[in-house]
Every structure is written in C-alpha cells, then in structure tokens.
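In what follows, a single structure is set out as structure tokens and then discussed.
2 protein chains.
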Amino acid sequence: MPVRIAIVDDKASNRSIIKDKLLRHAGFEICFTAENGKDFLEKMKDLSPEDYPSVVLMDLEMPEMDGVDAVAAGSYLYPSVKYVMLTIFDDEEKIFRAIKAGAFGYLLKEESAENIAGTLIQMNENGVGPISPGIAHKILQLVQNNTVSLVQKKTSEKEKTPFNLTEREQEILKLLIQGMLYKEIGHKLDISPNTAKKHVLNIYGKLHVNSKAQALALAYEKGLI
Amino acid sequence: MPVRIAIVDDKASNRSIIKDKLLRHAGFEICFTAENGKDFLEKMKDLSPEDYPSVVLMDLEMPEMDGVDAVAAGSYLYPSVKYVMLTIFDDEEKIFRAIKAGAFGYLLKEESAENIAGTLIQMNENGVGPISPGIAHKILQLVQNNTVSLVQKKTSEKEKTPFNLTEREQEILKLLIQGMLYKEIGHKLDISPNTAKKHVLNIYGKLHVNSKAQALALAYEKGLI
DNA sequence: AATGCGCTAATCCAAAGGGATTATGTGGAG
DNA sequence: CTCCACATAATCCCTTTGGATTAGCGCATT
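Here the protein sequences come in this chain order: Y and V.
All residue numbers for the first sequence refer to the working numbering, where the first residue is 1 and numbers rise by one.
All residue numbers for the second sequence refer to the working numbering, where the first residue is 1001 and numbers rise by one.
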C-alpha cells in the first residue's frame, strides 16, 4: 500500500516542489497539505483515523504555529503518525527542541532535496527515523559538548571502572586532582609517600599520560572525577 | 593526498577485510593496524605527528583496552585525529559513552560493510562525522526518552577577568591546563621557557596556589577554563 | 602449591617544578 | 619626563616528579 504523506509548509512553492518530487515515485500518496501548524492540526481533526497520514513532512519556521509546537501537539494527539522535520535550519537549539517534541526524523532541505523520496522509502522499510548526516553530526556535538547529559542510568549498571583503575587508584586520583603532593597523599592515606608515588605512576600508565597536569586534564575532560 | 587510516580491531580477519575494502579505492592509505586500544596508543606514541593517521577506525569490544577508553585517551593525546567507531553493537549506553569519549563518528558494521570507503570519503569532503542511520536513530531516541537533557550553559555577559589575570597569563593558563611543560609553553608561544615559568609563577601568586595541580584544580572548579 | 594481582615500600637517577631575585625593553598614565 | 605595569629573560638553589627496578605481603583462583 502507498505511504500516506502530509506536507506542512508556509510557502506554497515548497509544498508543490516536495509534492512533485514525491509523486514522481510510485508508492507515495499526498494526503493533504497545510500552511502552518494550526492549519495542520485542524485538518487532522477532520480526518477519521484510517485517513491519517503515516508521515508528516513539517517545516520548522511557520507563522501561526511553528513546527515544534505542531509536532508537540501532533505527537500527543496522533502518536501513530511519524513527524519528519524538513527545514533549512540546523540550529542546535531547534534540533533539540524538535526532537524533544517528538520528531521522528530531521532532514536538512539542501541535503536531501534530491532524495526525500529515497529517504522516506528507507524509513518505511527499516523503521528508522531519517536524519541528515549534518544533523546527526550536530546532535553528536551536543552530546560531546556537555550541553547534553545522561540523566538516568537504567538498570543497576555495573558502573565500569574507567581505564581499569583499581579502587585505590581512583582514590588516589581524587587526591591528585586536589593538587596534593606525594607526601601529602601518603600522609592522608597512611601510606608511604613512595607508595603514593607508585600508585600515581601506575595511574599514568593506565591513562597513557606522563604528568600530573596531563592526568588531571584527562580526568576532567573525560569526567572521571 | 591520500587519507591516512589506522584500523584497530582485535580480530585479524576484520582488520584485513576492512583494509582490503579500503585499498580497493584510491585515496586511502593504511597507516597501521592495532589489536586493541593499548596497542593503538603505543603505536601512536612511536609516531611523529606528521605520521599520525587522520582517521582511526576503532572496534568497540577489545581485550586489554576497549574502544571507549582508547578514544578517550586518544582524543586527548591526539586531538587532530578523527575517531570513528566501527562496531556491531548498538547498545545505547555504549553509543553514548563512546560519543562522550570523543568519537567523531559511529558506524554499524553491517550497515556500512559495503560502504565504509564511501562514508569516509564523504566525511573527508564535508567534515561531517559519519553516523549510521540506526545509530542516529538511537541517539534521537535517547534524547526523546528523557534519558538525556539539555544542560543550559550559562554564558555570563560580563566576561569577568578572572583573578585579574593578564591576557598573556590567561593564554598561558590555558596551555598549562593542557598539561604542557614550561619548555613546551615557551616553544608554543615563541618565548623562553624561563619566561613561561615566570608567567606561571605569577599566575600562582594571583590564584594563591603553589603548584600546577592546584592551579588546574582551581581553574576547573571556578570554571575559568 | 603455584600463579597472578593489588598494595605496600624502597632506591637511584635525571628531569622538571617552585621560589626568589635581578634585569631590560616597552607602552601607557600621570 | 617619570612612574608603573607587563612581558621578556636569566640565575641560583632546593624540592618535587617521573621512570625504572626490585621486593615482600595478602588474597583469590587454579
């Protein structure tokens, strides 16, 4: 059966360009088009469930109601529908908000202009949300830049020891990070400063660094503090 | 110029399969291969910077040192190198940790088996990290499932000069934080190591600390990185 | 009993760091 | 013009590190 598509964009020219592209391929059926988020939701309300589109291509920037809000509402009201953002913007904030709102995919127009149909077919085959490489890269950067963080760890994760540091070594790394000297560490832990030093050097080996400063930098950067 | 590639995988068969695939295309040069993270880091240590690979294809599951740790250390020690995870696993936790550790791309072996070369070429052309659709989808789900949250970075407008450090001193503090020696700082800034040292000692005075480690700790704590 | 690993400890040596001080050149503020 | 802050540079002296090595002890696995 054909894939039922809805197109939401405030520019008539965009709507028709996309529509034409899709109709050149068999297997697509344009369900309806809308000019903005509000228009989309109203048109959805008039449909009976069997007439719902299975995919909505949604522009982000629109008057009346933008794509983020439309997806937020739509993914709640019609959770069976897949919402794919199709926009020229790659602003991190927008990407993040759209995804949080429930977007199933996120395509940059220029990246996929020639390939919307192919992308949608692929999506329909393997159930994986389409994401432009550029967007995926942006998301990856979001994660890397610590602008994003893992909130919950699910199961009782065995909390892997970073770099195979032993407990003692982690303990000593913590003191190292506080700027303590070997002798101070030794005194603090009631061991010889020589031993403290030995541990520290062992840590260097595991971290593949060769100075306190490098160890600290690595520890901070990788968050194994 | 050819793209210099290193391959890190514990299975010799995998290494040669990947190697063969790449060598069938012009424009790739296999820099070296390694059996695990430790092996990789050791081989890197023996290279001069001009011999560094520009891309490292890294398996995730390896004995001795796994891909996450290797990338964590590698992305710190050799930040110019791009690390692409190439694995059969798509566990969310692993994806997240690998990305946090500094992975530039993340490919599923089965998805890209026929297409590693193409993916790498694309990456080299547009500077965008390669990510398998399946992985991108997983990341998107991570964001959606509230397992991840946006951490608002607060950017203070006032741009306070921390601790009355001069511009030069801040510049030097940054290098200090990267774990550089006096002589390295001196070389980097084209000044005498003695001068570098003088600056560092002046910084200590202003920060009221008396060692690199303490300075770093304070710098990180106060966020004047 | 033997093996392996982690924690403890020590020693020697060379390199780097920390502290104090002195000195020169420059540019801006008074 | 002079004063002062800053960047530059050097020297002396002592402490701290980093690297390599050796070794005993306890504990768990085999």
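Each residue gets a CB set at the ideal place from its N, CA and C atoms; glycine is no exception.
Closer than 8 Å to the CB of Gly-1067 of chain V there is not a single CB belonging to chain Y. Taking all protein chains in view, the Cβ of Lys-1082 of chain V is crowded by 16 or more other Cβ atoms within 10 Å, so the residue is classified as buried. Among the CB atoms of chain V, one or more fall inside 8 Å of the CB of Leu-140 of chain Y.
Sorting Y:Lys-188, Y:Ala-215, Y:Pro-2 by C-alpha distance to the C-alpha of Leu-201 of chain Y places Y:Ala-215 at the top. Classified as buried, Thr-119 of chain Y has 16 or more neighbouring CB atoms from the shown chains inside 10 Å of its CB. The beta-carbon of His-208 of chain Y is placed less than 8 Å from the nearest beta-carbon of chain V. Fully enclosed alpha helix (DSSP H) runs of no fewer than 4 residues occupy 92-101, 109-112, 116-126 of the segment 68-138 of chain Y, in order along the chain.
According to the DSSP assignment, Phe-40 of chain Y belongs to the alpha helix (DSSP H) that extends over 37-45. Per DSSP, the unbroken alpha helix (DSSP H) holding Arg-168 of chain Y starts and ends at 167-177.
Interface criterion met: the Cβ of Gly-179 of chain Y is under 8 Å from a Cβ in chain V. DSSP, read as helix, strand or coil, puts Glu-221 of chain Y in helix. Going by beta carbons, Val-1003 of chain V and Asn-1115 of chain V fall outside the 8 Å limit.
Of the candidates Y:Pro-79, Y:Ser-75, Y:Ile-139, Y:Ile-139 places its Cα closest to the Cα of Glu-93 of chain Y. With the rule of 3 Cβ pairs closer than 8 Å, the segment 1001-1017 of chain V does not count as touching the segment 208-222 of chain Y. Residue contact with chain Y for Ile-1099 of chain V: present (Cβ-Cβ distance below 8 Å to some residue of chain Y). Each of V:Ile-1131, V:Leu-1047, V:Lys-1188 was checked against the Cα of Lys-1109 of chain V, and the nearest Cα belongs to V:Ile-1131. Contact check for Ala-1070 of chain V against Leu-1041 of chain V passes: the beta carbons are separated by less than 8 Å.
For Gln-1214 of chain V, the C-beta contacts it makes with chain Y under 7 Å involve Gly-179, in order along the chain. The C-alpha of Pro-1063 of chain V lies about 15 Å from the C-alpha of Leu-165 of chain Y. Sixteen is the threshold: since fewer than 16 other Cβ atoms of the shown chains lie within 10 Å of the Cβ of Met-1001 of chain V, the residue is exposed.
For Pro-133 of chain Y, the number of other beta carbons within 10 angstroms of its own is at least 16, and it is reported as buried.
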